[in-house]
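Below: one structure, written as structure tokens.
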Amino acid sequence: MKKRELLLVDRSLSSGAGVSARAPTEEATDQSHEHGRAPSASRRIRAKVAKVRTGCRNCKIRRVKCDEGQPGCQKCWKYGIYCSGYPCPSKSHQAESRDLAPMGNGSQISLRAIRPRHVDPAHLTLLPFPGGKKDEMESRYFNYYLEDIASKIGGPGFSDLWVKVIPQVGDTHPYIAQAMVALGALSRSRQVQDKAQQIQHREYALAKHIESLSKMRKVLSQDGYDKRMAMHACLLVFCFESLQGHQAAASMHAAGGVSLLESWNQERKFKGAMELGDTVGDNASLSYAIACLDFQALAFLDARSADLHEHTAKRLKSWVRHMPNTYGPTGHFKSLDDCRTYGHMIMRRTFHFISTVRIYLAKNNRIFFMTNADGETACLHPGNNTWTSGPLREPEVPKEMLQEYEDHMEDIRRWQVAAAPVIAKARTTKDSDQFTSATISLIRCTLTIVTLAGAFIIDEAEYDKYIADFREITTLVTSVWATVTKSRNQFTFQTGMLPALLLVSMHCRDREIRDQAIGLMRSGAGYREGIWDSIAIEKISVALRDLEEKWVDDDGHIPGEMRALLVSVSIILEEKTAQLVISQKAAPGDTNYQVKTVPLAW
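In my numbering, the protein residues as written are 101 to 702.
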């Protein structure tokens with residue numbers, strides 16, 4: 101087991117770090133007696149001098165009394181920043197002039213509300229780099245991570261892991277801290293316009309990434325290393341590779357993270373399926389994040405075996421069967437979190453089943469295969485993803501698969517019924533986090549239904565039965581697209597909208613709906629959901645549409661026999677190039693398909 105995990109590390113790393121940290125309690129006591137000072141009986145006014153001589157550096161800068169809680173002070177948590185820790189007491193305290201940072205207005209202010217959306221990095225008050233180092237560049241890029249990545253990457257209601265837990269872990273694990281710095285620098289390189297600055301930020305990011313990987317390898321080569329640490333590191337490495345455009349490597353890390361989670365659960369003798377945020381405690385958000393990695397691999401490029409997919413689907417089935425126990429007296433979910441958790445679980449289980457079906461059909465009916473390339477090139481071919489296919493003969497699908505198909509559809513239907521009231525209530529306030537979260541859950545549900553049906557479709561004309569579903573997807577995506585892609589970061593960890601839009605643009609032949617989906621992808625201007633890039637899938641969609649539009653009839657209908665099949669894709673996202681292999685008949689009435697190679701660049 102250990103040798104296999106180390107192999108993942110050597111292929112750029114699929115492991116790494118993280119201890120979950122609790123926020124300090126509200127009752128943190130004043131420890132000002134610690135250095136021989138009696139508490140002041142009355143408030144004194146001291147110009148340009150911190151109110152306390154002890155406490156963290158952030159509180160001194162803000163001129164507020166630090167509660168000196170452990171592992172970090174409550175004032176920093178409430179203010180929405182990482183606590184810088186406590187220096188050794190000095191013999192003298194010299195006054196210094198600094199710009200005051202804005203103070204919070206109360207203990208209940210949310211992190212999203214108090215963190216500025218647009219901050220000039222030149223005016224940031226640098227927080228000390230985790231682990232006690234004092235390198236100014238590291239501190240600056242660490243601040244970029246906090247400001248540009250952490251608060252937005254997790255999606256609605258899912259920021260604590262990135263804002264609080266991972267930075268706190270980095271305080272005691274240098275390779276996690278280096279990974280955060282690398283991610284902050286790489287994110288910055290994507291935001292600046294000046295080419296020279298882009299290169300500078302990127303080179304620094306790569307140097308820190310290599311440094312972090314080197315330290316990770318040393319840690320993971322030791323017996324009994326903490327797999328929870330490895331999972332935190334895996335999340336950061338996945339994000340780095342995704343931002344770089346190394347989709348194949350990112351997909352490998354995603355699958356490796358799931359393997360780490362299962363191994364960790366076995367060590368703890370966890371009796372159920374892999375956790376998905378359905379647990380209570382510090383580990384819940386980490387487990388849900390790893391579950392998101394699982395879907396990243398499932399929905400894009402997945403080299404895992406059919407046996408592994410079947411095994412995981414069976415384990416998840418036992419948890420899906422518990423879904424009725426979460427219903428209230430009315431037979432509906434009690435909360436939006438329950439809807440999200442079980443909806444995500446059902447989607448993952450269904451996509452694992454879809455993968456087993458596609459691998460089976462690829463071995464028995466499909467003739468197009470591509471060899472796997474390096475980590476920078478994503479090669480999608482029948483059997484390792486849910487998108488590519490080839491000319492099919494009538495498949496001989498085992499009866500067991502057909503029965504399981506019905507079981508999956510029934511689970512989805514039960515979720516829809518149980519979720520309906522809570523989803524409707526959450527979507528009453530437009531542009532809110534609840535509205536966005538509920539809408540993405542609906543998008544994923546419809547994506548799952550059509551993709552599951554598509555695994556058994558032989559004739560592309562059968563997709564015409566799902567026009568209403570395609571319309572629903574584009575309508576739902578439109579309702580949250582601007583909020584997610586403009587108001588938040590251009591890179592998010594969770595996925596849902598981009599795979600759904602690609603599904604519509606590939607298989608919906610209603611011109612209006614298809615063009616709407618392509619238009620949304622184009623307007624994303626580089627928006628990414630982990631591995632998924634809006635520009636890349638928009639280019640693929642346009643290539644398929646243009647080949648088919650040549651054969652549209654007077655009614656705007658594309659004959660079923662003239663519809664194009666995406667056989668394989670080779671993408672180098674970092675270089676903004678792709679090569680498609682597409683199968684299509686030369687003319688109506690032909691019995692044979694022609695294979696066309698379509699190069700793309702953007």
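Heads up, the beta-carbon is just placed ideally off N, CA and C, and yes, glycines get one too.
Comparing alpha carbon positions, the residue from Val457, Asp438, Cys339, Gln268 closest to Lys499 is Val457. It is roughly 33 Å from the alpha-carbon of Glu238 to the alpha-carbon of Ala582. Bridge partners of Arg628 according to DSSP: Phe591, Asp633. For Leu361, the closest C-alpha among the options Leu335, Tyr244, Ala277, Pro482 is that of Leu335. In this structure, Leu598 sits near Met621, with a CB-CB distance shorter than 9 Å. Following the DSSP letters along the chain, one finds Cys339 in no beta strand (DSSP E) but inside the alpha helix (DSSP H) bounded by residues 327-344.
The beta carbon of Val580 sits closer than 6 Å to the beta carbons of Thr536, Thr539 from its chain, once the five residues preceding and following it are set aside; these are given in chain order.
Between the beta-carbon of Thr488 and that of Ser670 there is about 11 Å, and that puts the pair past the 8 Å contact cut. DSSP places Ala354 within a helical segment (H, G or I) once states are collapsed to three. A straight line joining the alpha-carbon of Arg513 with that of Glu560 spans about 25 Å. Counting the other CB atoms within 10 Å of its CB gives Val281 a total of 16 or more, which places it among the buried residues. By the beta-carbon neighbour count (other beta carbons within 10 angstroms, threshold 16), Pro688 is exposed. DSSP places Cys159 within a helical segment (H, G or I) once states are collapsed to three. Below 8 Å, too few C-beta pairs join the segment 433-442 and the segment 626-644 to call them touching: fewer than three. In the DSSP assignment, Pro699 forms a beta bridge with Gln679. Under the three-state reduction of DSSP, Ala643 is assigned to helix.
In chain order, Phe593, Gln594 place their CB closer than 7 Å to the CB of Cys392, counting only its own chain and leaving out the 5 sequence neighbours on each side.
The distance from the Cβ of Gln278 to that of Lys308 is about 5 Å, consistent with a contact at the 8 Å cut-off.
Secondary structure at Gln684: strand, using DSSP grouped into helix, strand and coil. Note that the C-beta distance between Glu674 and Gly345 is below 9 Å. A direct Cα-to-Cα measurement between Arg317 and Gln297 gives close to 30 Å. In this model, Arg404 and Lys264 are separated by some 32 Å (Cα to Cα).
A distance below 9 Å separates the beta carbons of Pro521 and His432.
For the segment 498-527, the full-length alpha helix (DSSP H) segments reaching 4 residues or more read 499-526 along the chain.
A direct Cα-to-Cα measurement between Thr575 and Tyr460 gives close to 34 Å. The three-state secondary structure of Ile658, taken from DSSP, is coil.
Three or more beta-carbon pairs separated by less than 8 Å are not found between the segment 317-331 and the segment 284-294, which leaves the two stretches without contact.
In the DSSP assignment, Ala478 falls within the beta strand (DSSP E) that extends over 478-480. Remark: C-beta atoms of Leu552 and Met501 do not approach each other more closely than 9 Å. Around the CB of Trp262, 16 or more other CB atoms lie within 10 Å, so the residue is classed as buried. Proximity to Phe395 across Gly596, Arg609, Glu562, Lys650 peaks at Gly596, based on C-alpha coordinates.
Nearest C-alpha to Thr430 among Ala518, Tyr693, Asp507: Ala518. By alpha-carbon distance to Ala354, the top candidate from Asp402, Asp323, Val319 is Asp402.
Residue state for Val265 is assigned as helix, using DSSP reduced to three classes. Closest by C-alpha distance to Ala686, out of Ala701, Lys676, Arg663, is Arg663. In this structure Asp610 is not in contact with Ile543, their Cβ atoms being roughly 18 Å apart against a cut-off of 8 Å.
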